[in-house]
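Following: one structure in structure tokens, then a few remarks.
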Amino acid sequence: MLSAGITYSLAAVAVAATGSAAPTDLKLARVDFLNGLVIIENVGQTYQSLAGWRLCSHDADEKNRFTNASAFGRERLGPGERMAIHFNNDASPTDPFAVNASSLGDFATPLAPDAYAIQLFQAPGLNDPEPRMIDHLQWSIDGADDENADELSGEAEDAFLWTNQSKWIVTTKRTDSIVLIDEQKFLLPHVPEDYYVNNGVPCNKADLNEPIGELDLADVVAFVQAFGTGSPAADFVAPFGELDIADVVEFLRLMDAGCS
Numbered sequence: 001m002l003s004a005g006i007t008y009s010l011a012a013v014a015v016a017a018t019g020s021a022a023p024t025d026l027k028l029a030r031v032d033f034l035n036g037l038v039i040i041e042n043v044g045q046t047y048q049s050l051a052g053w054r055l056c057s058h059d060a061d062e063k064n065r066f067t068n069a070s071a072f073g074r075e076r077l078g079p080g081e082r083m084a085i086h087f088n089n090d091a092s093p094t095d096p097f098a099v100n101a102s103s104l105g106d107f108a109t110p111l112a113p114d115a116y117a118i119q120l121f122q123a124p125g126l127n128d129p130e131p132r133m134i135d136h137l138q139w140s141i142d143g144a145d146d147e148n149a150d151e152l153s154g155e156a157e158d159a160f161l162w163t164n165q166s167k168w169i170v171t172t173k174r175t176d177s178i179v180l181i182d183e184q185k186f187l188l189p190h191v192p193e194d195y196y197v198n199n200g201v202p203c204n205k206a207d208l209n210e211p212i213g214e215l216d217l218a219d220v221v222a223f224v225q226a227f228g229t230g231s232p233a234a235d236f237v238a239p240f241g242e243l244d245i246a247d248v249v250e251f252l253r254l255m256d257a258g259c260s
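Numbering (our numbering), first residue to last: 1 to 260.
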């Protein structure tokens, strides 16, 4: 674990002299909870070296988990290429764009939809003698603020990477993935709405409302509202185009069947 002095140094250099983020085309483009992946993507038109780059992560229990400065070696990404970090340490040894998290150094674990923040730090250069934070994202269930996971969120806001340290990507317990929307990749600072949140596969046709993947009172309310307004969302069985008691019976049957 890094000393307090080094941690402070890395956080402090997140802010450029101009108050803006360092120019880079490498982005934290996707977090896949189902497969335990964090994806770094080169969204630019030229090759980008990963040599000397670092990641830092935090959750409700751990903070300032930095990877090693030499962990990526001389890896580089071409335009549109992605590097997958495998938190389950199941990266294929023959895949040049896959790396096990354990080989990079410390991460806050587990990688889950609960409160979590992660930053990408650029390697030192001639004009930047210290690493500089160049990308950041944070998420939490229901968007709740977390005092531990937001350890470097203020620095991300100051560096014009994140709109507001108290704003979180809203997840649920069933969130499968978080994906940076293509149209938002070049915009800074990022806001939670720049990311698409996949909240899982619906249980069945009765799963009409959040949280997707769970049948509860919210689905009943959604069905009643749809039925009351004559919406096709409540049209479960034939004769289609007509809402009647058969649709109610089918909805109740699906609710009783539950989620597999």
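Here a beta-carbon is modelled for each residue, glycine too, at the ideal position from N, C-alpha and C.
Remember, predicted model here, so these are calculated numbers, not experimental data.
- In the displayed model, I134 falls within a strand according to three-state DSSP.
- Residue range 245-257 is occupied by the alpha helix (DSSP H) that includes F251.
- Taking P124 as the centre and dropping the five residues before and after it, the same chain places the C-beta of G52, E130, P131 closer than 7 Å to its C-beta, in chain order.
- In the DSSP annotation of this structure, V170 is not part of any alpha helix (DSSP H); the continuous beta strand (DSSP E) holding it starts and ends at 169-171.
- For S153, the uninterrupted alpha helix (DSSP H) segment begins and ends at 153-158.
- In the three-state DSSP reduction, A117 falls in the strand class (E or B).
- Contact between the stretch 33-46 and the stretch 75-83 is present, with at least three C-beta pairs closer than 8 Å.
- In the three-state scheme derived from DSSP, where H, G and I count as helix and E and B as strand, L50 is classed as coil.
- When beta bridges are read from the DSSP output, E41 appears opposite K27, R82.
- By the neighbour-count definition (other C-beta atoms within 10 Å, threshold 16), R253 is an exposed residue.
- Taken atom to atom, the span from the alpha-carbon of V191 to that of A98 is near 28 Å.
- With 16 or more neighbouring CB atoms inside 10 Å of its own CB, R54 falls in the buried class.
- Put simply, the stretch 170-186 touches the stretch 25-38. At least three CB pairs are less than 8 Å apart.
- As a beta-bridge residue in DSSP terms, F66 pairs with C56.
- Here S177 is bridged, per DSSP, to D32, N198.
- With 16 or more other Cβ atoms from the protein chains shown falling within 10 Å of its own Cβ, G200 counts as buried.
- With a cut-off of 8 Å on Cβ pairs, the stretch 98-118 is in contact with the stretch 55-75, counting three or more such pairs.
- In the DSSP annotation of this structure, the continuous segment of the beta strand (DSSP E) that includes A98 starts and ends at 98-100.
- In the DSSP assignment, L161 falls outside any alpha helix (DSSP H), carrying neither H nor E.
- In the assembly as shown, P93 is an exposed residue. Its beta-carbon has fewer than 16 other beta-carbons within 10 Å.
- Shown here for A156: same chain residues with a beta carbon closer than 6 Å to its own, the five before and five after excluded, namely H136, W162 in chain order.
- Distance between Y196 and V170, taken at the CA atoms: about 10 Å.
- In the three-state scheme derived from DSSP, where H, G and I count as helix and E and B as strand, G228 is classed as helix.
- Separation of the CB atoms of T175 and E210 is rounded to 11 Å, and the pair is thereby denied contact status at 8 Å.
- Here D207 is near L215, since their CB atoms are less than 7 Å apart.
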